[in-house]
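Numbered by this note's numbering, the letters in the sequence shown go through residues -18 to 401 in order.
What follows is a single structure, written as structure tokens, with notes after it.
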Amino acid sequence: MKKVNIAIMGFGIVGGGTYDILTGNYKMIADSTGFGINVKRVLDLDTQKIIDKGIAKEVATKNFEDIVNDPDISVVVETMGGVEPARGFILRCLEAGKSVVTANKELLAKHWAELKSAETDSARIFFEASCAGGIPIIRTLEQGMQANNITQIMGIINGTTNFILDKMSEEGLSYSDALKIAQDLGYAEANPAADVEGYDAMYKLSILSSLAFGKHIPYTGICREGIDKISARDIAEGKAMGYTLKLLGIAQNSDGKIEARVNPAFVPDKHPLAGVRGAFNAVYLKGDYVGDIMLYGSGAGAHPTGSAIVSDVIVAIGMRGKKAKKKVSKGEPKFNYNYSSKYYFSITAEDKAGSLAKVTALLGKCGVSLASLVQKEVTNGQAYISFLTHCTYEQSMQKAIGEITKLDCVSSVESLIRVI
Ligand code: HSE
């Protein structure tokens, strides 16, 4: 049987998980593909970690040149993460005629054009593992939905934030207590900004929407809000109205105008995304002929992410020498920042005659129509009032909130959350 040599750069959780699958399912993969995948080199600054895994000493290296200059290595897996040196290594591998498989969403989102233009027919870049871990969302977008114009992607594409929001919702925990649990369990990093401030989901949405809409959607055009300002109270108020709070990545293509945003959103309890619990991911797609579909699974972790990587390695080997189709066109997309949504917002205001009238008058002036409102309690003369609007435009809502904030009778606007 033909043997194909590959290398793994970065032997952390995902690199190790990839190795487990390549060795654990070696025979099954070889039987089904007709080639045996041999890990010829593993690169990590800590070579002892590689050796401790039972891998032969001569496989382990700290030197990238051992990989890029080896003509026997045809596919390189990059699981180092971060932008540099991953970017430089990947470019050199492509230049040397080696295909690259990467899980690096930050790198892809930040250097999309450079990486895509470095591809050749014999050296391409594959990135199934960059979005939603083990869920085959890239393959679905590239191949499974080819008969359709994809008009919408809406997904839970960050497991850490879903875990935190789920804990807050189920156990009534504060954001900081839920974050601490996520950190203790290894979901969230010591510096959790990439997850909780929505950067990770923004990079993934840039990749997914570029594939879905056949046009590069730069991450810089994506509106981003994280979950770090969400309170247990917001979640409880939403729950009482039949909503579950999720951090969503949403991209819509309406006649060539692109709406792309990452933000917390109340999802009706009966929507399939509301039932996605813990650290799981799910992506909901709309195609013009297929209708709605949803893919669900583990969005992170050694073996789910390794599964996506190994599947890319197999495809990369199978596609060597075949002409690549260029599907994503260049040129700036037209973004629509004045999209329409329902909104939930809450305020604390003086509990006296005319307070609410001033707030509702401003909403009316800005063209925001109210669907319902609840005043639940008064503490020290301050009432906590929550509102649900009908569909309105983002700019109208922002204008209304700006003006409500300035009212003397309003102590603070506590939250503004979009509603699906
Ligand atoms: N930190 C990510 C998440 C996984 O929580 O989903 C890698 O992108």
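No residue lacks a Cβ here, since even glycine has one placed at the ideal position from N, Cα and C.
The structure presented is a predicted model; accordingly, all values stated were derived computationally and were not measured.
- Within the model, the alpha-carbon separation for S350 versus Y374 is close to 11 Å.
- With a beta-carbon spacing of about 11 Å, M(-10) and V56 fall beyond the 8 Å limit used to define contacts.
- Relative to the Cα of A171, the nearest Cα in the group M183, A182, S157 and Y184 belongs to S157.
- Assignment of beta-bridge partners to I137 by DSSP yields A263.
- Shown here, N(-14) sits in a strand according to DSSP, grouped into three states.
- When the Cα atoms are used, E39 and R22 turn out to be separated by approximately 8 Å.
- Taking the Cβ of G348 as the reference point, every heavy atom of the ligand HSE lies at 7 Å or farther away.
- Under the three-state reduction of DSSP, T60 is assigned to coil, being neither helix nor strand.
- Of G115, A104 and T42, the smallest CA-CA separation from T(-1) is found for G115.
- With 16 or more other CB atoms across the displayed protein chains lying within 10 angstroms of its CB, Q233 is buried.
- Sorting F368, I208, L229 and C204 by C-alpha distance to the C-alpha of M149 places I208 at the top.
- Scanning the stretch 16 to 65 from its first residue to its last, the whole alpha helix (DSSP H) runs of 4-plus residues come out as 28 to 33 and 46 to 49.
- In this structure the stretch 120 to 134 does not touch the stretch 322 to 331; the number of beta carbon pairs closer than 8 Å is below three.
- I2 is a Cβ neighbour of S288, given a cutoff of 8 Å.
- Straight-line spacing of the CA atoms in A381 and N317 works out to 19 Å.
- Distance from the CA atom of T225 to the CA atom of A213, rounded to whole angstroms, is 12 Å.
- Under the DSSP assignment, Y270 falls outside any beta strand (DSSP E); it carries neither an H nor an E label.
- Judged by DSSP in its simplified three-state form, S80 adopts strand.
- As for any beta strand (DSSP E) of minimum length 3 sitting wholly inside the stretch 296 to 382, the runs are 321 to 331, 351 to 360 and 363 to 370, ordered along the chain.
- Taking all protein chains shown into account, A174 has fewer than 16 neighbouring C-beta atoms within 10 Å of its C-beta and is therefore exposed.
- Contact annotation, G(-4) with T60: C-beta distance approximately 4 Å; criterion of less than 8 Å satisfied.
- With a cutoff of 8 Å on beta-carbon distance, S191 and V81 are scored as not near each other.
- Between the stretch 256 to 276 and the stretch 137 to 153, the count of C-beta pairs closer than 8 Å reaches three or more; the two stretches touch.
- Membership of Q233 in any alpha helix (DSSP H) is not indicated; the residue belongs instead to the beta strand (DSSP E) covering Y224 to S235.
- Within the same chain, Cβ atoms closer than 6 Å to the Cβ of M126 are found at G268, the five residues on either side in sequence being excluded.
- Secondary structure at K238: strand, using DSSP grouped into helix, strand and coil.
- Two segments are said to touch when three or more pairs of C-beta atoms, one from each, lie closer than 8 Å; by this definition the stretch 91 to 98 does not touch the stretch 46 to 55.
- In the pairwise beta carbon analysis, the stretch 191 to 207 is classified as touching the stretch 230 to 245: at least three pairs are separated by under 8 Å.
- Classified as exposed, T101 has fewer than 16 neighbouring CB atoms from the shown chains inside 10 Å of its CB.
- Within the same chain, G(-2), D1, I2 and G115 come within 8 Å of H284 by CB-CB distance, once the 5 residues on both sides are set aside.
- In the DSSP assignment, I188 falls within the alpha helix (DSSP H) that extends over Y180 to F194.
- The beta carbon of S292 sits closer than 8 Å to the beta carbons of E109, P117 and R120 from its chain, once the five residues preceding and following it are set aside; these are given in chain order.
- A straight-line Cα-Cα distance of about 32 Å links V400 and K311.
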